[in-house]
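Participant: Chains R and P are the protein sequences, given in the same order.
If you're matching positions, the first sequence starts at 1 in our numbering and goes up one per residue.
If you're matching positions, the second sequence starts at 1001 in our numbering and goes up one per residue.
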Amino acid sequence: MNESSDLPPWLEFFTFSNVNVTFVFLGCVLLGMSTGVLGCFAFLRKRSLLGDALAHAALPGVCAAFLLTGTKNPLIILGGAMVSCWMGALSVELIVRYTRCKEDSALGMVLSVFFGVGIVLLTYIQRTGEAAQAGLDKFLFGQAAALVDRDVWTLGILSVLILVVVAIAYKEFKLFSFDPEFAAGIGLPVRLIEIILATLIVVAVGIGLQAVGVVLMAAMLVTPAAGARYWTERLGVMLVAAGSFGALSGGLGAYISYLSPKMPTGPWMVVAATILFVISFTFAPRRGVLPRVLRHFRFRRRTAEENVLRTLYLLGEPLGQWNDSFSTNELLQYRSMPTAQLAHTLNRLIHKALVKEPAQGRYALTDFGVTRAARVTRLHRLWELYLTRKLEIAPDHVHDDAEEIEHILTPELELRLEALLEHPDEDPHASRIPGRFVPGESGG
Amino acid sequence: MDTQPFYVAALDGLFGSFPTDADSLWVMLIGSLVGASCALVGSFLILRRLSMLGDAISHAVLPGIVIAFLLTGSRNIFPMLIGAGALGLLTAFLTDSLHRYGKLQSDASIGVTFTWLFAVGVILISRFAGQVDLDTDCVLYGEIIFAPLDVLIIGDNEYGPRAVWMLGGVTLANLLFVVFGYKQLKVCAFDPELAASLGIKVSLWHYLLMGAVSMTTVGAFESVGAILVVAMLVVPPNIAYLLTDRLGLMIALAVFFGILSAVLGYWVAYWLDASVAGAMATVSGLLFVLVALFSPTHGVIARVVAQRRLGSSTIEFADSAPS
Chain R
1 MNESSDLPPW LEFFTFSNVN VTFVFLGCVL LGMSTGVLGC FAFLRKRSLL GDALAHAALP
61 GVCAAFLLTG TKNPLIILGG AMVSCWMGAL SVELIVRYTR CKEDSALGMV LSVFFGVGIV
121 LLTYIQRTGE AAQAGLDKFL FGQAAALVDR DVWTLGILSV LILVVVAIAY KEFKLFSFDP
181 EFAAGIGLPV RLIEIILATL IVVAVGIGLQ AVGVVLMAAM LVTPAAGARY WTERLGVMLV
241 AAGSFGALSG GLGAYISYLS PKMPTGPWMV VAATILFVIS FTFAPRRGVL PRVLRHFRFR
301 RRTAEENVLR TLYLLGEPLG QWNDSFSTNE LLQYRSMPTA QLAHTLNRLI HKALVKEPAQ
361 GRYALTDFGV TRAARVTRLH RLWELYLTRK LEIAPDHVHD DAEEIEHILT PELELRLEAL
421 LEHPDEDPHA SRIPGRFVPG ESGG
Chain P
1001 MDTQPFYVAA LDGLFGSFPT DADSLWVMLI GSLVGASCAL VGSFLILRRL SMLGDAISHA
1061 VLPGIVIAFL LTGSRNIFPM LIGAGALGLL TAFLTDSLHR YGKLQSDASI GVTFTWLFAV
1121 GVILISRFAG QVDLDTDCVL YGEIIFAPLD VLIIGDNEYG PRAVWMLGGV TLANLLFVVF
1181 GYKQLKVCAF DPELAASLGI KVSLWHYLLM GAVSMTTVGA FESVGAILVV AMLVVPPNIA
1241 YLLTDRLGLM IALAVFFGIL SAVLGYWVAY WLDASVAGAM ATVSGLLFVL VALFSPTHGV
1301 IARVVAQRRL GSSTIEFADS APS
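1) Taking 9 Å as the cut-off, decide whether the C-beta atoms of R/G251 and R/C40 are in contact.
2) Can you name, in chain order, every residue of its own chain whose Cβ lies under 6 Å from the Cβ of P/S1106, other than the five neighbours on each side?
3) Inspect the beta-carbon positions of P/F1118 and P/H1059 and report whether they are closer than 9 Å.
4) Is R/R286 helix, strand or coil when you go by DSSP?
5) Classify R/Q210: buried if its beta carbon has 16 or more other beta carbons within 10 angstroms, exposed otherwise.
6) From the beta carbon of R/S48, is the nearest beta carbon of chain P less than 9 Å away?
7) Along chain R, which residues have their Cβ under 7 Å away from the Cβ of P/F1118?
8) Apart from the five residues just before and just after R/S431, which ones in its own chain have a Cβ nearer than 8 Å to its Cβ?
9) Sort out for me which residues DSSP pairs R/L365 with in a bridge.
10) Please classify R/P60 as buried or exposed, where buried requires at least 16 other C-beta atoms within 10 Å of its C-beta.
11) What is the rounded straight-line gap between the Cα of R/L391 and the Cα of R/L409?
12) Taking R/T223 and R/A273 to be in contact with their CB atoms under 8 Å, please state how far apart those CB atoms are, rounded to whole angstroms.
13) Distance cutoff 9 Å, beta carbons only. Does P/S1126 sit that close to anything in chain R?
14) Taking C-beta to C-beta, are P/L1264 and P/V1291 nearer than 9 Å?
15) List the residues of chain R that P/Y1101 touches, going by C-beta distances under 7 Å, in chain order.
16) Between which two residues does the alpha helix (DSSP H) carrying P/N1157 extend?
17) Would you kindly work out how many angstroms separate the C-alpha atoms of P/S1037 and P/V1300, rounded to a whole number?
18) Quick one: Cα of R/H56 to Cα of P/G1285, how far?
19) Between which two residues does the beta strand (DSSP E) carrying R/F326 extend?
20) I need the straight-line Cα distance from R/I195 to P/A1231, nearest angstrom please.
21) What runs of the beta strand (DSSP E), each 3 residues or longer, lie entirely inside the stretch 361-435 of chain R?
22) Using three-state DSSP, classify R/F16 as helix, strand or coil.
23) Listing by chain order, which chain P residues have their CB less than 9 Å from the CB of R/A204?
24) What are the uninterrupted segments assigned as alpha helix (DSSP H) that are 4 or more residues long and contained completely in the stretch 1049-1115 of chain P, given in chain order?
25) Do P/A1306 and P/F1294 count as a contact pair if the criterion is CB distance below 9 Å?
26) Roughly how many whole angstroms lie between the Cα atoms of P/M1001 and P/T1020?
27) Listed in chain order, which residues of the stretch 1045-1061 of chain P have Cβ atoms closer than 8 Å to some Cβ of chain R?
28) Among R/L385, R/V398, R/A254, R/H399, which has the Cα closest to the Cα of R/P424?
29) So R/F173 packs on R/L158, CB below 8 Å; how close in whole Å?
30) Identify the residues that DSSP records as bridge partners of P/L1154: which are they?
31) Could you check if R/T265 is buried or exposed, using at least 16 other CB atoms within 10 Å of its CB as the buried criterion?
32) Leaving out the 5 sequence neighbours to the left and right, which residues in its chain are closer than 7 Å to P/T1091 when beta-carbon positions are compared?
33) Spell out whether any CB of chain P is found under 9 Å from the CB atom of R/S112.
34) Out of R/L413, R/L415, R/D427, which has the shortest C-alpha to C-alpha gap to R/A394?
35) Spatial neighbours of R/P285 within its chain, please: C-beta separation below 6 Å, excluding the five flanking residues on both sides.
36) Distance cutoff 9 Å, beta carbons only. Does R/R127 sit that close to anything in chain P?
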């Protein structure tokens, strides 16, 4: 595009020397940012697909604006689109409030019926033979590359407006999104907030339609917000994250279609947003899938280890010889688990110096292992005692529960339990409860 | 003509005479089949709060159609239907997985999944623009008015429009599915936990229902356009939902309103000379508004009247209370 530059295209982009390209880039970034931020509020109200429904609901307005004025002035068409989007939002609200139909049904009905009306109008326009209608339906499919400066100005100003309104009314929006009844209770004008939020989404849909089209507009309201949700429990952080995801996707979309002009901007924005979503979904700490699976896996491993330790402890208990060695068969008789799992678990315990293998195939607790095993046993028996004594559950019903809790109880809870039970010596089955630090024959 | 009741004459004056030529009847039959097949599965869809899935599937099948087209290099309909069907199931699967394993709320799961697949479809079309004689219009706006022209021909014999066979098959399959799976579908729709405790495989039935929705969507939009499918999946079941609390009756009413929307919609389209699918969707919307206002059990007016009566009787009670 710019013949005077000898930089490769992928770098030249970042000089922003081409004014047109820069305009498209800025437009997409602003659009992504504002839709990302707005999407969070729709997401929290479980109306992520509102954008999809409203984007479809724009069609009758586009057609009606053309039918009434006979011009294709983009501002008039945009006005028509926004009016019918707004009526769509109102219809969703009315259906949810005054009928027993659910939100998803309201969205589906508004989407399909409004679009149906739009198609009727569109075919009506086509058959009345107006030559000027060509390209009217294209309004809905969006061409970011065809954006001219004036469009970008409109888009930019409206995007900034959206962000400013969100910043000003942040506290009210937040309260309303999480607890509309409480918001109403403390005297906030919930109807007004609702109207403002709906209007902002309508504005975003209206400006986005031209740039990215119906479906992709819907995506920009859902995907960045859904991705941002994985990273945080706080709305402020979520808004910033969703805004950044949206802006980044917008920028990437513009960049890719700059490098390969055949490539449409909108779909690449959506693909970029989806990649960011998948990264969040997979890797985000706490809520991401991979960390969750890992935590679960580690917990199961630790449970298996503690079970083996406790079994060795119980085997040594009758003679008070906790360092005695036992074969895997003896272990398995006491506690059944898959042989391979037992072997792996023993290996890990040996590695951690909790268990030693004094002879081939025989295993014994090390002194350190005895301490750990005693603690697990102690928690198990304390819990059994707590259940029988305080909650008055029959002694033969408490074992399974203790099997679970022994891996979870923290040292703080252990102290509380001990105090609550007045430093007991024996569990409900008359087994000795090991002391807190060192298990000696003399007891703790 | 003198023997006609006055309202027929009145409607005649309004809409012109009711079209009864062969093509019109075929279109009405096709529309009715779409209405019936969509209403059968749509009733369960709206109870599961998955109304937007029809819209999602009808967009998400785009890459499947493009890939089938690229692989076979022809516009033969069967590979495309297979591609579309596969993508429909993939949509249902991804949506369900994001919801179940990713703990993402279901509306957002649907939104993320189908917009992404649609974007991939558009990118594929742009990438292979030279080879793909497809555009989003032809995928999403199959026009029901042309459906009677596409006649099933076996050997030298014509057997009526292909869409009638196709949609007839889909309707029959859905009917059998709903009849034989009625109990399981019902329990799963209202109380999945109870279903699980009764030994019903909830996720199996979920996927069977999703399979039926995909099949219906894909089978129908190819001949009548996506928007009609989306409308028929959601609107008639919701009309029925406002009229009854019993599932069996709700499904029957949904089928009835699906067919009614199709027939009246065709009439309106004929009168306006406009898109038939659009008119059918529009009429279903008008029927919804009417029922939402006037339903004797769940209508807005009935509820307001009931509230008034309750209010006034409370006042009477307060007046007559001994002080």
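Don't be surprised by glycine CBs; every beta carbon is placed ideally from N, CA and C.
Facilitator: Judging by the given coordinates:
1) If you check the CB distance, R/G251 and R/C40 do not come in under 9 Å.
2) Excluding sequence positions up to five before and after P/S1106, its CB lies within less than 6 Å of the CB of H1099, all in the same chain and listed in chain order.
3) Between P/F1118 and P/H1059, the CB-CB gap stays under 9 Å.
4) Three-state result, R/R286: coil.
5) Looking at its Cβ environment, which holds 16 or more other Cβ atoms inside 10 Å, R/Q210 is buried.
6) For R/S48, the answer is yes, since a Cβ of chain P falls inside 9 Å of its Cβ.
7) Per Cβ cutoff of 7 Å: V215.
8) Correct list, in chain order: E317, R381.
9) Per DSSP, R/V355.
10) Buried: at least 16 other Cβ atoms inside 10 Å.
11) Straight-line Cα distance between these residues: approximately 18 Å.
12) With a Cβ gap of about 4 Å, R/T223 and R/A273 count as contacting.
13) So yes, P/S1126 belongs to the interface.
14) By the CB criterion at 9 Å, P/L1264 and P/V1291 fall outside the cutoff.
15) Near P/Y1101 (Cβ distances below 7 Å), the residues of chain R are V289.
16) Note, P/N1157: premise wrong, no alpha helix (DSSP H); beta strand (DSSP E) at 1157-1161.
17) Using only the alpha carbons, I get a separation of about 29 Å.
18) The alpha-carbon separation between R/H56 and P/G1285 amounts to approximately 15 Å.
19) 325-327 is the span of the beta strand (DSSP E), which, as asked, contains R/F326.
20) About 26 Å.
21) Counting only runs of 3 or more residues that sit fully inside the stretch 361-435 of chain R, the beta strand (DSSP E) segments are 362-365, in chain order.
22) Under the three-state reduction of DSSP output, R/F16 falls in the coil class, being neither helix nor strand.
23) Neighbours of R/A204 on chain P: none; closest Cβ ~15 Å, over 9 Å.
24) Fully enclosed alpha helix (DSSP H) runs of no fewer than 4 residues occupy 1053-1060, 1062-1072, 1077-1100 of the stretch 1049-1115 of chain P, in order along the chain.
25) Not a contact, by the Cβ cut-off of 9 Å.
26) At P/M1001, the pLDDT of 46 sits below 50, so the modelled position is not reliable; the number obtained from the coordinates is stated separately. In this structure, the straight-line span from the alpha carbon of P/M1001 to that of P/T1020 is close to 16 Å.
27) Taking 8 Å as the Cβ-Cβ cut-off against chain R, the residues of the stretch 1045-1061 of chain P that qualify are I1046, R1049, L1050, S1051, M1052, G1054, D1055, H1059.
28) The shortest C-alpha separation from R/P424 is found at R/L385.
29) Contact flag wrong, Cβ pair sits at about 18 Å.
30) A small correction: the amino acid at residue 1154 of chain P is Ile; Leu does not occupy that position in the sequence shown. Partner(s): P/N1157.
31) Flag for R/T265 reads buried.
32) Hits under 7 Å: A1056, I1057, A1060, T1113, F1114, L1117.
33) The beta carbon of R/S112 falls within 9 Å of a beta carbon belonging to chain P, placing the residue at that interface.
34) Here the closest residue by C-alpha is R/D427.
35) Answer for R/P285: P291, listed in chain order.
36) Taking CB atoms only, R/R127 has a neighbour in chain P less than 9 Å away.
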